[in-house]
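Read the structure below first, then the notes.
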Amino acid sequence: MLTDIIMTSTSRLLAGVALATFAPPAFAQEAPPAAATTLTTPDTGGGADDTIVVTGVRGGQARTVADSPVPIDVISRRELQATGRTGLKEILGNIVPSLTMPALGGGGTSASVKPIAIRGLSGDYLLVLVNGKRRHTTSLINNLSRISGGSTPVDIDLIPTNAVGRIEVLRDGAAAQYGSDAVSGVINIILDDAPKGGRFSITGGQQYSKGAPLLQTDLSYGTALGEGGFFRAAVEAKYHDRADSSADAVPRILPLVNGQPDPREATLDHVYAGGYGRSNRDKMINGSYNAELPVGDTLRLYSFSTLSYVTSGTRAARISPPPPALVAKPTPTA
């Protein structure tokens, strides 16, 4: 009897193995996107039914290229415009979560540079390409900030936003292929190559308090060049006033007397500018062109360039020295 049971169990096991061996392969199929799905489990006697609500399904047209060995985000021009932001730095920071927008600290002209970074590394470790060609870095050194001190990253805000056709973001290191400046990733900005048509837009805004008005105008136009070629130009003008959220300091030159202002402050004829020193980009004009002309079946002539004019205003809180008559002098001794 025991022998029969063992043989029967063995036969069932072998049959199960055979079925598992010759079973046809099953492939996962991507489900269509759904806004919400509710699944109700059967009652197990434990009380009310358990409800599972799925609020989102990954599907449709994903931005990330899934069949690539490294994560690549391809961002179209429509996605860039849909953000409503101005400048490529703010646009990419709003779309790509792994991008950070570090600011060059300190004063002077270095505060006007708008770099980007990936995964919190310095902007020097992010390679920026334009049409697959290496973009030059800024000539302003970050010498006044402890974060990314000594760095000279790429200022991507010098590229007109309406001149961009799409942006490819490689969110992984590619130093083996591009060099040490691609440790954190690569951003490839592809300029618009539409041979016909133009675009014009005006963007404006202001903070609820403390000012900082913004006005940006964009214009681009393209035309056909020869047979199969194109020439497209773009210009961008932006005015962004500074925002000062700090309170005005007390216009005091002389030290306090028993916690109260010195009475001589009222007699001082001094010039005072309240608030703190501030530095920000005020006016910027960016221009670019992108051209290509086929020569024969295997040769193409291409050319592209950008040109920028930036005015950065700086103001520091300042006071004049007190009159010499009010400066304490040592009492002469006999």
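Here this note's numbering is used: position 236 in the sequence shown is 514, and no number is missing along the way. For glycine and all other residues, C-beta sits at the position ideal for the given N, C-alpha and C. Just so it is clear, the structure is predicted and the values come from calculations on it, not from any experiment.
Open item on the list: Contact defined as beta carbons within less than 8 Å: I believe K474 pairs with T430. What is the distance between those atoms, to the nearest angstrom?
Closed with: Between T430 and K474 the Cβ distance is about 39 Å, and since that is not below 8 Å, they are no contact.
- [ ] List the residues that DSSP assigns as beta-bridge partners of R444.
- [x] The beta-bridge partner set that DSSP reports for R444 consists of S354 and I468.
Task: Simplified DSSP assignment, three categories, for A454 - done: Here A454 sits in helix by DSSP.
TODO: Starting from G371, trace the beta strand (DSSP E) both ways and give me its first and last residue.
DONE: No beta strand (DSSP E) holds G371; the alpha helix (DSSP H) holding it covers L366 to I373.
Open item on the list: Please report the distance separating the alpha-carbon of A314 from that of T329.
Closed with: The pLDDT assigned to A314 is 48, lower than 50, so where the model puts this residue is not dependable, and the model offers no usable value.
Open item on the list: Taking the straight line between their C-alpha atoms, what separation do you get for I394 and D435?
Closed with: A direct Cα-to-Cα measurement between I394 and D435 gives close to 10 Å.
Task: Of the residues R578, N564, N568 and P533, the one placed nearest A515, counting alpha carbons only - done: Ranking the options by Cα distance to A515, first place goes to N564.
TODO: With a cut-off of 8 Å on the beta carbons, I'd call V513 and L503 a contact; round off their distance for me.
DONE: About 19 Å; that fails the 8 Å criterion.
Task: As assigned by DSSP and simplified to three states, the class of P393 - done: Shown here, P393 sits in coil according to DSSP, grouped into three states, outside any helix or strand.
TODO: Measure the C-alpha to C-alpha separation of Y517 and I480 and round it to an integer number of angstroms.
DONE: Cα to Cα, the separation comes out at about 12 Å.
- [ ] Kindly identify the DSSP beta-bridge partner or partners of N564.
- [x] N564 pairs with E514 and S586.
TODO: Tell me, please, which residues DSSP counts as bridged to S498.
DONE: In DSSP, S498 forms a bridge with R477 and A512.
Open item on the list: Short of 6 Å in beta carbon distance, which residues of its chain neighbour S566, apart from the five on each side in sequence? Order them along the chain.
Closed with: Excluding residues within five positions, the ones whose Cβ falls inside 6 Å are P438, A441, A512 and T584.
Task: Candidates Y580, L579, K561 and P491, of which the one nearest V391 by Cα - done: If you compare the alpha carbons of Y580, L579, K561 and P491 with that of V391, the shortest gap goes to K561.
TODO: Name the two residues that bound the continuous beta strand (DSSP E) containing V348.
DONE: Annotation: V348 is outside any beta strand (DSSP E) and is labelled neither H nor E by DSSP.
- [ ] For G371, I'd like the list of residues in its chain whose CB is within less than 6 Å of its CB, leaving aside the five on either flank, ordered along the chain.
- [x] So the list reads L377 and M379, once near-sequence residues are dropped.
Open item on the list: If I measure Cβ to Cβ from A309 and keep anything under 6 Å in the same chain, skipping five residues before and after, which residues do I get?
Closed with: Here A309 scores only 47 on pLDDT, less than 50, and its place in the model should not be relied on; the value that follows carries that caveat. None.
Task: Proximity winner among R397, L366 and G506, relative to T576 (alpha-carbon distances) - done: Comparing alpha carbon positions, the residue from R397, L366 and G506 closest to T576 is G506.
Task: Status (buried if at least 16 other CB within 10 Å, exposed otherwise) for T589 - done: With fewer than 16 other Cβ atoms inside 10 Å of its own Cβ, T589 counts as exposed.
Task: Residue environment, Q494, which counts as buried when at least 16 other CB atoms sit within 10 Å - done: That one is buried.
Task: V406 - containing beta strand (DSSP E), residue span - done: L404 to V408 is the span of the beta strand (DSSP E), which, as asked, contains V406.
Open item on the list: Which same chain residues end up closer than 7 Å to R444 when comparing Cβ atoms and leaving out the 5 residues on each side of it in sequence?
Closed with: Counting only Cβ-Cβ distances below 7 Å, and skipping sequence neighbours, we find V352, I353, S354, R355 and I468.
Open item on the list: Less than 8 Å between the beta carbons of L407 and V464, yes or no?
Closed with: Closer than 8 Å, so yes.
- [ ] Go ahead and label K411 buried or exposed: buried means 16 or more other beta carbons lie within 10 angstroms of its beta carbon, across all protein chains shown.
- [x] It counts as exposed.
Task: Three-state class that DSSP yields for T361 in the structure shown - done: T361 falls in the coil class under three-state DSSP.
- [ ] Measure the alpha-carbon distance for S462 versus P349 and round it to whole angstroms.
- [x] Answer to the nearest angstrom: the Cα atoms are 12 Å apart.
Open item on the list: So, for I373: in the same chain, excluding its five sequence neighbours on each side, which residues have a beta-carbon less than 7 Å away from its beta-carbon?
Closed with: Only residues of its own chain outside the window of five on either side were considered, and among them I353, E357 and T361 have a CB closer than 7 Å to the CB of I373, listed in chain order.
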